[in-house]
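Residue numbers (the working numbering): 4 to 1087. Ideal Cβ placement from N, Cα and C applies to all residues, glycine included.
Here it is, written out as structure tokens:
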């Protein structure tokens, strides 16, 4: 391996961090599957810094085009598609085969070829929404259009599905202030002006740096504001607002939010940049200006998902200050993709359900069913063993928009909006209603955020779906408002049960058990006899698999997409409470988007699968489920559609994919999770405690379930339980333990799947090794080993670490001298699956004290004398005892610690950062325990610092002076690429943030390098030095050389350690540290 590949890739990673990180950091990702064309960005070496974009755009554009021309020609000769030049950064985006990447990297004009990774906007899905309980249905003739146009329908359908329309007779959020975080919107839109002329949006601030009056997309901001507090003041016609739906004139509707009486704070955080500091500042502003509820339709899938994330810390501080925080779980599917801040236990994390009335109108169905989990809704268990708290409609509903050049998302006065980005503001609006209802009946006292959460989750409607998809169930604003009014006051109309906790989280050893309890409060004026049981997915009622062939598009109605294959039918037997539908195919990013549509025996549109269809990504896997499916013959359609329900756009054109698609339909029963059943009487207005004994499965990993509380009054409560079994670790030397992970797939968005596993490591161990073997080498997987203090200390992927990055099935992670405590293994799917199978198993083996290495002739005692200036070369041999090919190098250090000033990775290495315009990259060595970043400018500035996975992030807040400091501390910090960003503190008002530069320094406290030791593999931590690791296949031995040339004064006793480390396909970081071989001698 040569030194240039690593250096070029590192330069590209620095650039991606600067443009991607902030509130939506780019997740760590491996390369795409072998053989599949990859979307890449070719970064040119000359970044044209002498031609600023804002003042010399024309000249810069021409210079960039001239510089890129030879590379563009080479790309096209290599068969690249989607070749586009850029001038804001001097780069070319393209889609090309992996084999061509190396050739492009070798061009002297090119600095790097990096993956074209996604940046998650708050809910960049202005066309997605959800639904409720025993699958709510409708009929087009009766309810998709009103019988009398003078009596318009009420949009979104979510109002009826959650009984919010009824709740608004009692509470509308009056006197409650809700802050939402998006990209800015028009506060003068008539939907946000009350009948008396006052504004719903009482405060608009900018924290993005663009200024409040800058042009923006606006779709998410309008969607959030509408979901919370649209007034329903205007009448619209579906025949105009859904131009491709073929609906008759007079199909009128109005748009109303969940809390039309609330005041809104429009806090703009997404602009040309989206820095974390802006989000933190916006949260601080909202709290300081007396917001009661924060609605956050944004998120990041962080590795690791650290409790020290600055946005999470800000949210926790807001909750501590009495503010309720609601966040969207994400739009990446149910396979373990819940993002932060929804993963924060103090936040109300909201997933999404279907609300298909609007979809039925757009697709031409006369009947529909709502209230199933939508295919996009992020679910599963988080890295830290949490589930979504509840779900709300998110596929789809209407929202207001202002048709004006300033708002590019608004082509019509309404928009089709959805996703968890709609579900979260629905829940935020419901929280506002609950706060008003409680305050009205409790002497003006506001409920705590914890009580608001427990009221919302305790009154949610159980949808009879798995706990890691629905949490407590579907938001029921009507029941929540009633419970809020009745709590501790006793109401003869109430019958709700409010739990002492929103969800349980338990962790234990295989086959063990955990004991906890849940206390229920009875809001009714009469006792309730309540029985507690448990529920989890059980055995199958049936399974059928169909392999169809996609050929030329079939004739049919274009509204829901052209048929890609002939529909087929499936018989669903009675006694099937849960129906799973999955689809796989070996597609590519450019071959088109396919969706699965399920129609029940009554002809009702019931489910539509989802493919994000953004940034050229694909998934090759889709999954949806249906609760309480109607028995009988179901129709399964395969159509050219991404499932995003952009009903105001023309239907998608058929793609180019031609080949097999496999569809699998499975019915499931439910069974007990093994918790002993018990019955208690909860007195009127009183409480009862239910002891809960939870058995742990014998296999490691996550097995969530729900506790069911059923009252003799008919009240039902579903309480989610996140249950994680530890990976067993055998303390006996030479012994190993095994476990397995199951990988399915995602929806082609930020992350396909993330599984977290806990390992408890005993004290005093020399090393911890985890060997991993996957079944499908064509699906890229990534692995991270996280220390008890939240630092990634080992990482690998199932690809070789050379410039060819060849797919394999194998990976290995090792931590040298692991700290005692709870470690986390993260198994991630960063991209598409191969499409060959519905799932694959990853087998893991855990070993302690398994690493060995020899260095015959290496001095090991002060009695050994080496003459000053003499040379001693010794071999270092390392057997590869794991299943993966490994790339080894040596890292000799002294047994002392010191401070070193790191050098910034930019071309001039000056440490000069442009304020508000990007970041600087730094290469941090292993064995670093402290990092201190300092930014000095001509004004107060904020400073962010983070490793290459963007977590844990450190936020240095501007003070009154011109210098800001950010400090990271750990037993050992994550090594490799770190970045710093310097930003002005908002809000910014009418004008955009100013320009300027800051001087940034980064000092590391680390184990000292040995200047007298030189490794044959070169110096990994010096980006300007040669570096040539030694490759050893599984079962072979790597041999390297260490040369000692003493330079210290005669009589000096030298103590050091030569560490044996591995590289990985992650270009900007080391892989693992395997072992340390001590050495000592006296200089003679």
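For residue i, name the three-state secondary structure that DSSP assigns.
{"i": "residue 799", "result": "strand"}
{"i": "residue 907", "result": "coil"}
{"i": "residue 225", "result": "helix"}
{"i": "residue 773", "result": "strand"}
{"i": "residue 330", "result": "strand"}
{"i": "residue 778", "result": "coil"}
{"i": "residue 2", "result": "With the chain covering only 4 through 1087, there is no way to say anything about residue 2."}
{"i": "residue 431", "result": "helix"}
{"i": "residue 4", "result": "Low local confidence applies: a pLDDT of 35 at residue 4 is under 50, so the model's placement there is unreliable, with the coordinate-based value given in what follows. It is coil, neither helix nor strand."}
{"i": "residue 673", "result": "strand"}
{"i": "residue 163", "result": "helix"}
{"i": "residue 391", "result": "coil"}
{"i": "residue 1022", "result": "coil"}
{"i": "residue 282", "result": "helix"}
{"i": "residue 1105", "result": "It is not possible to answer for residue 1105, since the shown part of the chain is limited to 4 through 1087."}
Return the CA-CA distance between residue i and residue j, expressed in angstroms with no decimal places.
{"i": "residue 1051", "j": "residue 791", "result": "38 Å"}
{"i": "residue 686", "j": "residue 467", "result": "27 Å"}
{"i": "residue 568", "j": "residue 425", "result": "32 Å"}
{"i": "residue 461", "j": "residue 393", "result": "10 Å"}
{"i": "residue 1023", "j": "residue 1073", "result": "9 Å"}
{"i": "residue 1060", "j": "residue 898", "result": "7 Å"}
{"i": "residue 151", "j": "residue 383", "result": "44 Å"}
{"i": "residue 240", "j": "residue 205", "result": "29 Å"}
{"i": "residue 577", "j": "residue 223", "result": "42 Å"}
{"i": "residue 303", "j": "residue 281", "result": "15 Å"}
{"i": "residue 498", "j": "residue 306", "result": "43 Å"}
{"i": "residue 934", "j": "residue 484", "result": "49 Å"}
{"i": "residue 639", "j": "residue 604", "result": "11 Å"}
{"i": "residue 793", "j": "residue 246", "result": "51 Å"}
{"i": "residue 607", "j": "residue 722", "result": "30 Å"}
{"i": "residue 958", "j": "residue 315", "result": "12 Å"}
{"i": "residue 171", "j": "residue 1001", "result": "52 Å"}
{"i": "residue 621", "j": "residue 748", "result": "10 Å"}
{"i": "residue 121", "j": "residue 220", "result": "Residue confidence is low: residue 121 scores 35 on pLDDT, short of 50, so the model does not pin down where it sits. Its coordinate-derived value is still stated next. Answer to the nearest angstrom: the Cα atoms are 18 Å apart."}
Can you name the residues that DSSP bridges to residue i?
{"i": "residue 896", "result": "1012 and 1060"}
{"i": "residue 948", "result": "957 and 983"}
{"i": "residue 719", "result": "713"}
{"i": "residue 891", "result": "1033 and 1065"}
{"i": "residue 630", "result": "581"}
{"i": "residue 901", "result": "1009"}
{"i": "residue 525", "result": "500"}
Report task. Would you be able to state if there are at least three C-beta pairs under 8 Å between the stretch 836–848 and the stretch 763–771? Result -> no
Query - At least three beta-carbon pairs within less than 8 Å, the stretch 703–711 to the stretch 543–561 - result: no
Query raised in the report: For the 8 Å Cβ check, are there 3 or more pairs between the stretch 401–409 and the stretch 455–472?
Result: no
Query raised in the report: Is the stretch 767–780 close to the stretch 796–815, with three or more CB pairs under 8 Å?
Result: yes
Query raised in the report: With a cut-off of 8 Å, do at least 3 Cβ pairs link the stretch 912–929 to the stretch 963–980?
Result: yes
Query raised in the report: Touching or not, the stretch 748–756 and the stretch 831–838, by the rule of three or more beta carbon pairs under 8 Å?
Result: yes
**Report entry** Touch test, the stretch 332–341 against the stretch 358–375, Cβ-Cβ under 8 Å, three pairs minimum
**Finding:** no
Report task. State whether the stretch 446–453 contacts the stretch 415–430, with contact taken as three or more CB pairs (one from each stretch) at a distance under 8 Å. Result -> no
Query raised in the report: Between the stretch 682–702 and the stretch 504–523, do at least 3 Cβ pairs fall closer than 8 Å?
Result: yes
Query raised in the report: Can we say the stretch 1024–1037 touches the stretch 942–956, given the rule of at least three CB pairs closer than 8 Å?
Result: These segments do not touch.
Query raised in the report: Are at least three pairs of beta-carbons, each pair with one atom in the stretch 222–236 and one in the stretch 193–205, less than 8 Å apart?
Result: yes
Query raised in the report: How do the stretch 959–975 and the stretch 909–919 stand: do at least 3 beta-carbon pairs fall below 8 Å, yes or no?
Result: Three or more Cβ pairs closer than 8 Å define a contact, and the stretch 959–975 falls short of that threshold against the stretch 909–919.
**Report entry** Secondary structure, beta strand (DSSP E): runs of 3+ residues fully inside the stretch 194–252
**Finding:** 204–209
Query raised in the report: Quick check: the stretch 271–281 against the stretch 171–186, are there 3 or more CB pairs under 8 Å?
Result: yes
Query raised in the report: Do the stretch 535–549 and the stretch 670–682 make contact, defined as three or more Cβ pairs closer than 8 Å?
Result: yes
Query raised in the report: Between the stretch 580–591 and the stretch 659–669, do at least 3 Cβ pairs fall closer than 8 Å?
Result: yes
Query - Given 8 Å, three or more beta-carbon pairs between the stretch 468–481 and the stretch 438–447 - result: Contact between the stretch 468–481 and the stretch 438–447 is absent, because fewer than three Cβ pairs lie under 8 Å.
Query raised in the report: Is the number of C-beta pairs between the stretch 998–1016 and the stretch 900–911 that are closer than 8 Å three or more?
Result: yes
Query - Meets three-Cβ-pair contact criterion under 8 Å: the stretch 249–260 and the stretch 883–893 - result: Short answer: they don't touch.
Query raised in the report: Pairing CB atoms from the stretch 312–332 with CB atoms from the stretch 728–739, are three or more of them under 8 Å?
Result: no
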